[in-house]
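Below is one structure, written out as structure tokens, with a few remarks after it.
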Amino acid sequence: MMWGAQASNESTSNSLVCHSCVPSPAPDEVLVKLEYSGLCHSDIHAWKGTPSTIKREKRVEGHEGTGIVTAVGSEVEDISVGDHVGVQWVNKTCGVCEADKRADFLACPKAQMTGFSVDGTFGTCCVIQARHAVRIPKEYPLDTVAPIICAGTTCFRAVEETGVKEGDILAVVGPAGGIGSLACQYAKAHGCRVLAISTGGDGRIMYKDKLRVDFYVDCNTSPDIVTEVRKLTGGGPDAAIMIEGTEALLEDVAKYIRPRGSIVVVGKPPENTTGLGMSNLLLRMGQIKSSPYGGSREQIEKAIEIFVKKNFYQSSHVISLDQLTQMLQTIYQRDSEGHSNGQSSRYESSLLGQATIKIPSFSESTRTEKTFPKPTFYQDSFNIGTYIGYRLEELGIRDFLAVPGDTNLVLLDNILKNPNLRMIGCCNELNGGYAADGYARTSPAKIAVLIVPYVVGALSALNAVAGACSQNIMIIVLSGCPTTGMLASRKFLHHAPSAANREQALDAYRGVTAASIRLQSAETAVQDLDDAISKCFASSLPIFIEVPNDIAGAVCSSPSPFKIPETMIHTRRNEEAVNAITGTWNESAKPVLLFGSLARRLLSAHDIEALADRLGCAVFCQPDGRCISESHPQYCGQLWNGLTNPEGEKVFMDSDLWLIVGANWCDFHSIFTSIDEEKSRMISIGKDWVELPNGTCIQGVDFATVVRQLIRSSMESKHKSVPRPKPTLGAKPPQMEDLDSPLTLEHAIYGIQNILRSDDTMLCDAGEAWFLANHIRLPPGTDCQIQMPYCSIGWALPAGLGAQLGRSQGRSIILIGDGGFQMTAQEVSTIVRQHLNPIIIIFNNLGYKIETAVHDGPYNYIANWNYPQLAASLSASPHASSHNPYATKKQECMESNPSLFTLQVKTQRDLKMALKRAYDEHDKLAFLELCIQPDDLSQEVRQLGEAFARKNAEESSGSSESSASKTPSATTSGSNSPRVGSPANTSV
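For the sequence shown, the positions run 572 to 1559 when our numbering is used.
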């Protein structure tokens, strides 16, 4: 099915129309999936109903399209599927007539014109004869190139038609806008001196200030334009290009042009040329002619090459296809309401050569495209570093994490030219990676950036990136590296592990990223960067990019709007999956719904709640997938079989069907449950697959599309599965004791639950904090993040830093043990330096207590620190003034006056006072050490320890198979698998 816009010569209405099928290319044709289309004079005339543009049958308009080839005919040799091409005015010719042989394609009696005799480029796709398809290098931006296919090439050919030579003066006459701008720039590229003749302040700003033409004359203010032009140019211009104007302008041009000069009219010539006094022009042996529209394939390709390589100025306006109606109606109304020809032309010319129409993808076989806002950062000339800075802002990133090193300083310098980006320097790369993980989890952009030095920094961050991979967290890791010349030499480079090994980091990252690349040249860097970022979004996985020092500062093209290439999804498979799920669901009696961590990555909060509302059943979340309001009437708590929420677990296990959305099963998730034995009552929706209870697996589906179609499906509401009363959730008030008695975990979790606010994010480190968090009921709008299945202790502290940056309207509540804190403690200094206000709660139980529960030994005990004193010492007055020449006075003042308080909590009284202060002093970092008795363990930690101890003992005795239903499965499923939790793995 294809969509397109049609104009009518009978009315001013424009509409999107649907055609029943996508055209198939003939043997000598190619099929193009259109991305952008320019706007041409003829499109406007067709809208107005000019007699010369009235068509015998309705066609989709437009003939300045750019897009990607999706199919080629059997006789096509020089274009392949995936190539970028342009669709021009000439769509097809006979190839045998004399006109065709001399490349006068418009004179071919069998010529077919795009948007006139065949469907054009205001649609989702079209066909064109391969010999007329314009070949576009993939590094050229399709949106900015589109207007060059007709408007730009017409200007390029107009300059050639004038016959001017290098050094000649060429006048460009007419309204300021895209056409005039392009004509001036092609003239300058030809070596001409340029005289611009226009009107008003807009003309002066464009031609004098932005394009820096050699001469400028304002028609409105000049008392005698002919005399002024001759005086300014020393006798008049050698030639003139006239942009669709009035009879008066043309008469003036005929008077001031030099002898033997030529006048080339671009666009529609004045309707009445009688009485223009052409005798003077003829006596001076001058000539007047019209520039042909567009050009041959080779001429268009040449015009595009000059446009890109000369880095033409272009004030581009990208509009959506549905805005085309309003824009053309405005032009029509200006014309019909009595505006002068000059005013109408001025408005039209301001659009032509500048307006680009974004072609939406209405195809049912493609995924909805994510759109990105246009950044405010812009430069006249971009290099790779500033290009990256532009892209980061466009992706919605406001803060990026970095550790400087000699190999990434040029890159950092250029990225920091974007004032809308803030660099957060971390103490080491591992912490920076954890912080990026936290930022990506909480920021609206859902993506983060980490910049590290070559190899040593990259490998230090690798552990954090692997953890992000395990949960489908998007991180862009940018690593500086030596220059391309140094990399090509035989020198033993510092940071490299050996003289021969320069790819250690690239190789290491390939196992945990969607792309691990090094930019090879300035010419291909832009395309390689955008391709890698596209893979990051398409896979929801990290990427790794090495940027050589010389390429970081290399000049490149200006960035075009970023878009994620649409992934082909089979509509039939989506429908098959939805129908199968619906049928199975409707046959069940007491089904339940379970959300996993993938749901919170790929679905909106609205979609999650809408699905729960639609199904009406009991709803659960995995401990790492808490993504629905816990005040929702159907919510029955977290599901962690055998460990937490026994009331909810009973409801879940008593159901006859489990609809599992985005679960990421690992041995921790299923420690007391054999997932393989439960598949007969499971519908599992993975990232690109659906598995049914009968074992059927439907692959090639789209996760979000399937969920949204389920919301609109005929699935029956199963409200009877919601228990009455529902399971009791949240920490219960502990029994009253002496306020001076030692602090307990029971009191701690109840106190923490009571200080949570909407928009807070609770981050729980691997270990006891996981289980404590599952006893805490979250207020509406509060988030909870844990790193499962990767379980890298120490993660929560720097991840809390990143989460605070990403979700600054709330606070990060960081729950971490003393062992985990000692892994990443340095990042408290970054939190203090940035004047951030999280609440850091250290559970000091004197060692790795979760490991003592599994297998005790001397290795589980660590040094005891004075944690409050340590935190307070991490921001000290410098021993010299102006130690940071880049800091502002405000930053220096803030750094010397840290906003924090630290407390050690030993008793229930201490806890009550500390939590109240943390709640009241909302703008400060609250650093609390909770002194927990070593034997005060949660019941879940004890159970987990017993289960793993039993598993280890059975495995060592060779009897692990007998305990498969009691212990974690030996095979786990990670997010870096080809299909996360796919039926091909032991765990679903």
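Here a beta-carbon is modelled for each residue, glycine too, at the ideal position from N, C-alpha and C. Keep in mind it's a predicted model, so treat the numbers as computed, not measured.
Query	Result
Determine the burial state of P1024: buried for a count of at least 16 other Cβ atoms within 10 Å of its Cβ, exposed for fewer.	buried
From this set, T1478, R1283, Y1419, F1519, which residue's C-alpha is nearest L1508's C-alpha?	Y1419
Let me know the alpha helix (DSSP H) ranges lying completely inside the stretch 1237-1300, each 4 residues or longer, listed in chain order.	1246-1249, 1274-1282
Residue range of the beta strand (DSSP E) that R764 falls in?	764-769
Mind checking which residues open and close the beta strand (DSSP E) that includes G636?	636-643
For N1415, which of helix, strand or coil comes out of DSSP?	strand
Considering only their Cβ atoms, is the gap separating I1385 from L1368 smaller than 8 Å?	yes
Nearest CA to the CA of N1235: which residue from A1170, D977, E1218, T1276?	A1170
Can you grab the Cα-Cα spacing for the pair I1357 / Q1393, in whole Å?	18 Å
If you draw a straight line from the C-alpha of A1396 to the C-alpha of D1008, how long is it?	17 Å
Which of the three DSSP states is assigned to I1421 in this structure?	helix
Reducing DSSP to helix, strand and coil, say where S1534 ends up.	Bear in mind that the predicted position of S1534 carries a pLDDT of just 43, short of 50, making it too unreliable to give a figure here.
Out of G762, I1114, A1059, L1486, state which residue places its alpha-carbon closest to the alpha-carbon of I1410.	L1486
Among the residues of its own chain, which have a CB less than 8 Å from the CB of V824, if the five just before and after it don't count?	A742, V744, A811, M813, I834
To which residues of the same chain is F1519 closer than 7 Å at the C-beta, ignoring the five residues directly before and after it?	V1425
Excluding five sequence neighbours on each side, which residues of the same chain lie with their C-beta closer than 6 Å to the C-beta of Q914?	Residue placement at Q914 cannot be trusted, given a pLDDT of 48 that sits under 50; the coordinates are not used to answer.
Spatial neighbours of K1477 within its chain, please: CB distance less than 8 Å, with the 5 preceding and 5 following residues excluded, ordered by chain position.	P1313, L1314, C1502
Would you call the stretch 1139-1148 and the stretch 1156-1163 touching, i.e. three or more CB-CB distances under 8 Å?	no
Using 10 angstroms around the beta-carbon of V652, count the other beta-carbons present and answer buried if the total reaches 16, otherwise exposed.	exposed
Excluding the five sequence neighbours on either side, which residues of its own chain have a C-beta within less than 7 Å of the C-beta of P1194, listed in chain order?	Q1209, W1211, W1341, N1345, I1357, M1359
Just to confirm the assignment, what range does the alpha helix (DSSP H) spanning T798 have?	796-804
To the nearest angstrom, report how far apart I699 and Y884 are at their CA atoms.	30 Å
Ignore the nearest five residues each way along the sequence and tell me which others in F676's own chain have a CB closer than 8 Å to its CB.	V661, T664, A670, A682, H703, S867
Per DSSP, what are the beta-bridge partners of M1484 in this structure?	Looking at the DSSP assignment, M1484 forms no beta bridge with any residue, so it has no partner.
Rounded to the nearest angstrom, what separates T947 and L1441 at their Cα positions?	41 Å
Determine the direct distance from the alpha carbon of I1047 to that of I1018, and round the result to whole angstroms.	8 Å
Take F1166 as the anchor and find which of G838, S1444, S1200, D809 has the nearest alpha-carbon.	S1200
State whether the stretch 1316-1334 contacts the stretch 1215-1229, with contact taken as three or more CB pairs (one from each stretch) at a distance under 8 Å.	no
With L980 and F943 assumed to form a contact (beta carbons below 8 Å), what rounded beta-carbon distance in angstroms separates them?	At roughly 28 Å, the Cβ-Cβ gap does not stay under 8 Å, so L980 and F943 are not in contact.
Here's a check: name, in chain order, each residue in its chain whose Cβ is nearer than 7 Å to the Cβ of E1220, leaving out the five neighbours to either side.	L1210, N1212
Tell me which residue opens and which closes the beta strand (DSSP E) that Q700 is part of.	696-700
Buried or exposed: V1126, going by 16 or more other Cβ atoms within 10 Å of its Cβ?	exposed
Any idea what DSSP makes of A717, helix, strand or coil?	helix
Which residues in the same chain as I1277 place their Cβ atom closer than 7 Å to its Cβ, once the five residues preceding and following it in sequence are excluded?	Residue identity differs from the one stated: residue 1277 is Val in this sequence, not Ile. Taken in chain order, the residues that qualify are N1145, A1148, V1149, I1256, V1261.
How big is the Cα-Cα spacing for S584 and P594?	Unreliable placement is indicated for S584, whose pLDDT of 41 sits below 50; the coordinate value is still reported in the next sentence. Taking the straight line joining both Cα atoms gives about 26 Å.
So for Q1356, helix, strand or coil by DSSP?	strand
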